[in-house]
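In what follows, a single structure is set out as structure tokens and then discussed.
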Amino acid sequence: MSPVADFGFYQRRKHDKWREVQPPVPPLEFSVADSHAHVHMLPDPAWELARCGANGVGFLCMIVDPAEDGPRPFDLFQGWIDKAESLLQADAREAAGAHGLAADRSEALACPEVRIAVGVHPHNAKLYDAAIEAEVVRRLNDSRVGCLGEIGLDYHYDLSPREVQRQVFSRQIQLAKDARLPIALHLRGGEDSQRDDAHAEALAILRDVGFPPCGTLLHCCALPPDRLQPWLEEGCFVAYGGAITFKAADAAREGARIVPEDRLMLETDAPYMTPEPMRGSACTPAHVVFTAQRLAEVRGKHPGSERLDFLRRLYETTTGFYTRLDKRDKRDKRGVETS
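With our numbering applied, the sequence shown covers 489 to 827.
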């Protein structure tokens, strides 16, 4: 059994022992946003959303692939949020009682705002057909959806034929343009580190089909400056995850230093890519606080007002990317188009 009876951070050690890991010290000065997490893959999504709220994560985007995940994430979405809010309210009441105070619901920590990105991952491009496309298009009309993704090319695992990946990628770019939504890219090259065909071909496809006017986000970026520069010249946004905390990730950190601040984001890719000091554990969205701390260091932002301004800019960039009002037609509260 995990000892976690609160919303802190714990690492499993040998012999089923646990070590508590302290959050960033001094505490982060502003809320952080996780631009990319597979929330539905976590053992207890509601608990993890509550832990986000307790640790200053105010926004996250949940990634859903209709070809693999089906309707489950959409069906369970609101229940997770409701349960997370209940957990946070109970935590506030318990804390108030321990100090002899009256519990005030208005003072309870808030569940993060959650948006959804929908798209067929390149691994699943071989499953893409008219029915899957119809489901993607249907989900893009849901007001909770703020992005088409993650889409792109994966030449590392090659789980779908490369030509099929390219065709499905091109098609989904056009769907995003039609829906007036941004895209989030998954790009991974093959084993030959000297040839990055995935990024080069994706860039060529985007230039041919046309970059979506609402934005293009490089998810889980680890590119060095020279390979990142062409994407920046196209106005792309760039998100950094746990890899930027790794000791050997000097190239990614060099790349992160050249990204304009108004196009920079954080992410976890939970349950993957766990940042230091939590490596060895499954990644959760709340771990984004450690990545935020490290990215601020990489950018030379010291704790205090300097880091506060930096974190605020990242937060506003992320929420703006996923919630920009001019991206979609008017829809009612259920996400249905209105006349």
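No residue lacks a Cβ here, since even glycine has one placed at the ideal position from N, Cα and C.
query, result
"Got a sec? Which residues, its chain only, sit under 6 Å from R539 by beta carbon, not counting five neighbours each side?", "F495, A774"
"Identify whether Y498 lies in helix, strand or coil by the three-state DSSP scheme.", "strand"
"For a cutoff of 8 Å on Cβ pairs, would you count P561 as touching chain B?", "Among the chains in the structure shown there is no chain B, since it carries only a single protein chain."
"Counting along the chain, where does the alpha helix (DSSP H) carrying A613 start and finish?", "First-last for A613: undefined, no H or E at that position."
"Taking DSSP as the reference, what is the three-state secondary structure of D642?", "strand"
"Take the Cβ of F809 as the centre, count every other Cβ of all protein chains shown within 10 Å, and call the residue buried at 16 or more, exposed below.", "buried"
"Where does T704 sit, in a helix, a strand or coil, going by DSSP?", "strand"
"If we count the other Cβ atoms within 10 Å of its Cβ and call it buried at 16 or more, is G558 buried or exposed?", "exposed"
"Starting from F547, trace the beta strand (DSSP E) in both directions and tell me its first and last residue.", "545–552"
"So for M753, helix, strand or coil by DSSP?", "strand"
"Measure the CB-CB distance between G541 and V520 and report whether it falls below 8 Å.", "no"
"At the level of alpha carbons, what is the spacing between S523 and I604?", "10 Å"
"Going by other Cβ atoms of all chains shown within 10 Å of its Cβ, with 16 needed for buried, is H644 buried or exposed?", "exposed"
"Distance, Cα to Cα, L597 vs L576?", "6 Å"
"In the DSSP assignment, what are the bridge partners of G637?", "A672"
"Below 8 Å, how does it come out for the region 761–770 and the region 722–730: are there three or more Cβ pairs, yes or no?", "yes"
"Tell me whether the region 499–509 and the region 731–750 touch, counting them as touching only if at least three CB pairs, one residue from each stretch, are closer than 8 Å.", "no"
"Since R486 and E689 are thought to touch, with beta carbons under 8 Å apart, how far apart are those beta carbons, to the nearest angstrom?", "Given that the chain is displayed from residue 489 to residue 827, the structure contains no residue 486 and the question cannot be resolved."
"Let me make sure I understand the geometry here. Which of R632, L706, V513, A580 has the alpha-carbon closest to that of D563?", "R632"
"What's the C-alpha gap between S594 and G607?", "Below a pLDDT of 50, predicted positions are generally treated as unreliable, and S594, at 42, falls in that range; the measurement from the model is reported next regardless. C-alpha separation (whole angstroms): 36 Å."
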